[in-house]
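Novice:
Residue numbers (full-length UniProt numbering): 1 to 270.
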């Protein structure tokens, strides 16, 4: 599948305005590694967006938003052919702590959704920059409350040479039960050593890592049309539907069926 390269560095460098508004149906794409002096809000429609930072891999489900603080090095990509991306970069006031901390994913209210759609008018050429900045300050003021409802669709990254093959195996086999003891033996670790590596290198346990990875995979499957909860649970390695539903609720704030129905409604109204 072809992935369109997008140079976010060039888009930022070429702007002569005190903000950037970017709205485009990109489909499958990948950006360069970049950072900018402004905060960035990104909204995904009809597909997931992935963000890599130096410490984490973050998944943004369709119809969700993500905030990227200023001066955060990151890369953006998607493998969804119908994806539309909406983004604004703008200066952020210093007194909003939650906008200066870390990348965060959160559901978007109807008001924020309409506001981000409104900013598309600024992506087509000259406009009243003062009016736009006033609007973006109002937009900024709504973000802290939205961020309070953030979801944990992110996994820590590592460059540890012995741990990387283990992580690769986990992601390739999320549809199957994965025994920690077998995994340690297969990759030449004692159970204690592998457990310590997960804690030291990733800051989490093996079970927590797998739980989040499975739910992130489920979110991707939902985006490509899997809307049967039982099939979805089985596809990401759950034998217990109740456990899958509880873990999905813990991470996403909704039961799987509720999440799917909400997403279906948004597809029909856009």
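A virtual CB, placed ideally from N, CA and C, is assigned to each residue, including glycine.
When you compare only the Cα positions, how much space is there between residue 122 and residue 26?
Specialist: Along the chain shown, read from residue 1 onward, the residue named residue 122 stands at position 122. Along the chain shown, read from residue 1 onward, the residue named residue 26 stands at position 26. Their backbone Cα atoms lie some 18 angstroms apart in a straight line.
Novice: Rounded to whole angstroms, what is the Cα-Cα separation between residue 22 and residue 131?
Specialist: Within the chain shown, numbered from 1, the residue matching residue 22 stands at position 22. Within the chain shown, numbered from 1, the residue matching residue 131 stands at position 131. Between residue 22 and residue 131, the C-alpha separation is close to 17 angstroms.
Novice: Could you give the C-beta distance for residue 30 and residue 3, rounded to a whole number, given that I count them as a contact under 8 angstroms?
Specialist: As a working mapping, residue 30 is identified with position 30 in the chain shown. As a working mapping, residue 3 is identified with position 3 in the chain shown. Right, their Cβ atoms sit about 5 angstroms apart.
Novice: Would residue 229 pass as an interface residue toward chain C - the criterion being a Cβ-Cβ separation below 7 angstroms?
Specialist: No chain C appears in the structure shown, which is made up of a single protein chain.
Novice: Are there three or more Cβ pairs, one per stretch, closer than 8 angstroms when the region 37-54 is compared with the region 163-177?
Specialist: Segments in contact, no.
Novice: Sort 36, 229 and 40 by Cα distance to residue 136 and report the nearest one.
Specialist: Walking along the chain shown from the start, residue 136 turns up at place 136. For the residues 36, 229 and 40, the minimum Cα distance to residue 136 belongs to 40.
Novice: Between 114, 88 and 245, which lies nearest to residue 15 when the distance is taken from Cα to Cα?
Specialist: Indexing the chain shown from 1 puts residue 15 at position 15. Ranking the options by Cα distance to residue 15, first place goes to 88.
Novice: Where does residue 205 land, buried or exposed, given buried means 16+ other C-beta within 10 angstroms?
Specialist: The residue labelled residue 205 in the question sits at position 205 within the chain shown. Per the 10 Å Cβ criterion, exposed.
Novice: Please name the residue or residues paired with residue 67 in a DSSP beta bridge.
Specialist: Taking the chain shown and counting its residues from 1, one reaches residue 67 at position 67. Partner(s): 41 and 104.
Novice: Skipping 5 residues on each side, what residues in its chain have a beta carbon closer than 6 angstroms to that of residue 271?
Specialist: Because the chain in this structure spans residues 1 to 270, residue 271 falls outside the shown range and cannot be described.
Novice: Is residue 144 helix, strand or coil by DSSP?
Specialist: Position 144 of the chain shown, counted from the first residue, corresponds to residue 144. Reduced to three states, the DSSP call for residue 144 is helix.
Novice: Compute the distance between the beta-carbons of residue 147 and residue 43, then report whether it is under 7 angstroms.
Specialist: For the purposes of this step, residue 147 is taken as the residue at position 147 of the chain shown. For the purposes of this step, residue 43 is taken as the residue at position 43 of the chain shown. It is not a contact, given that the beta carbons lie outside the stated cut-off.
Novice: DSSP beta-bridge partners for residue 11?
Specialist: Walking along the chain shown from the start, residue 11 turns up at place 11. Partner(s): none; residue 11 has no beta bridge.
Novice: Is residue 189 helix, strand or coil when you go by DSSP?
Specialist: Here the question's residue 189 lines up with position 189 in the chain shown. Note: residue 189 maps to coil in three-state DSSP.
Novice: Nearest to residue 102 by CA position, among 253, 74, 129 and 158, is which residue?
Specialist: Taking the chain shown and counting its residues from 1, the one referred to as residue 102 is at position 102. If we check each option's Cα against that of residue 102, 74 comes out closest.
Novice: Among residues of its own chain, excluding the 5 on either side of residue 139, which ones have a beta-carbon nearer than 6 angstroms to its beta-carbon?
Specialist: Here residue 139 refers to the residue found at position 139 when the chain shown is read from its first residue. These residues qualify, in order along the chain: 115.
Novice: How close, in whole Å, do the beta carbons of residue 18 and residue 133 come, if the pair is a contact with beta carbons under 8 angstroms?
Specialist: Indexing the chain shown from 1 puts residue 18 at position 18. Indexing the chain shown from 1 puts residue 133 at position 133. Yes, they are in contact, since the Cβ atoms of residue 18 and residue 133 sit about 6 angstroms apart, within 8 angstroms.
Novice: Do you know offhand how far residue 249's Cα is from residue 65's?
Specialist: Sequence index remark: in the chain shown, residue 249 carries index 249 (1-based). Sequence index remark: in the chain shown, residue 65 carries index 65 (1-based). The straight-line gap from Cα to Cα measures roughly 18 angstroms.
Novice: Quick check: the region 181-190 against the region 213-227, are there 3 or more CB pairs under 8 angstroms?
Specialist: Verdict: no, contact absent.
Novice: Tell whether a beta-carbon distance below 7 angstroms holds between residue 57 and residue 208.
Specialist: Here residue 57 refers to the residue found at position 57 of the chain shown. Here residue 208 refers to the residue found at position 208 of the chain shown. No, they are not a contact pair.
Novice: Between residue 227 and residue 251, is the Cβ-Cβ spacing less than 7 angstroms?
Specialist: Within the chain shown, residue 227 is the residue found at index 227, counting from 1. Within the chain shown, residue 251 is the residue found at index 251, counting from 1. No, Cβ-Cβ distance for residue 227 and residue 251 is not below 7 angstroms.
Novice: Quick one: what does DSSP say residue 20 is sitting in, helix, strand or coil?
Specialist: Along the chain shown, read from residue 1 onward, the residue named residue 20 stands at position 20. Three-state result, residue 20: strand.
Novice: Would you identify the three-state DSSP class for residue 154, choosing helix, strand or coil?
Specialist: Residue mapping note: residue 154 aligns to position 154 of the chain shown, counting from 1. Here residue 154 sits in strand by DSSP.
Novice: If you run the structure through DSSP and keep just helix, strand and coil, what is residue 210?
Specialist: Here the question's residue 210 lines up with position 210 in the chain shown. Helix, per DSSP.
Novice: By Cβ distance below 8 angstroms, which residues in the same chain neighbour residue 118 in space, the five residues on each side in sequence not counted?
Specialist: As a working note, residue 118 is residue 118 in the chain shown. Correct list, in chain order: 135.
Novice: Just the Cα atoms here: how many angstroms apart are residue 219 and residue 105?
Specialist: The residue you call residue 219 lines up with position 219 of the chain shown. The residue you call residue 105 lines up with position 105 of the chain shown. Approximately 13 angstroms, taken between the alpha carbons.
Novice: For residue 93, does the count of other Cβ atoms within 10 angstroms reach 16, so buried, or fall short, so exposed?
Specialist: Along the chain shown, read from residue 1 onward, the residue named residue 93 stands at position 93. Counting Cβ neighbours within 10 Å, residue 93 comes out exposed, since fewer than 16 surround it.
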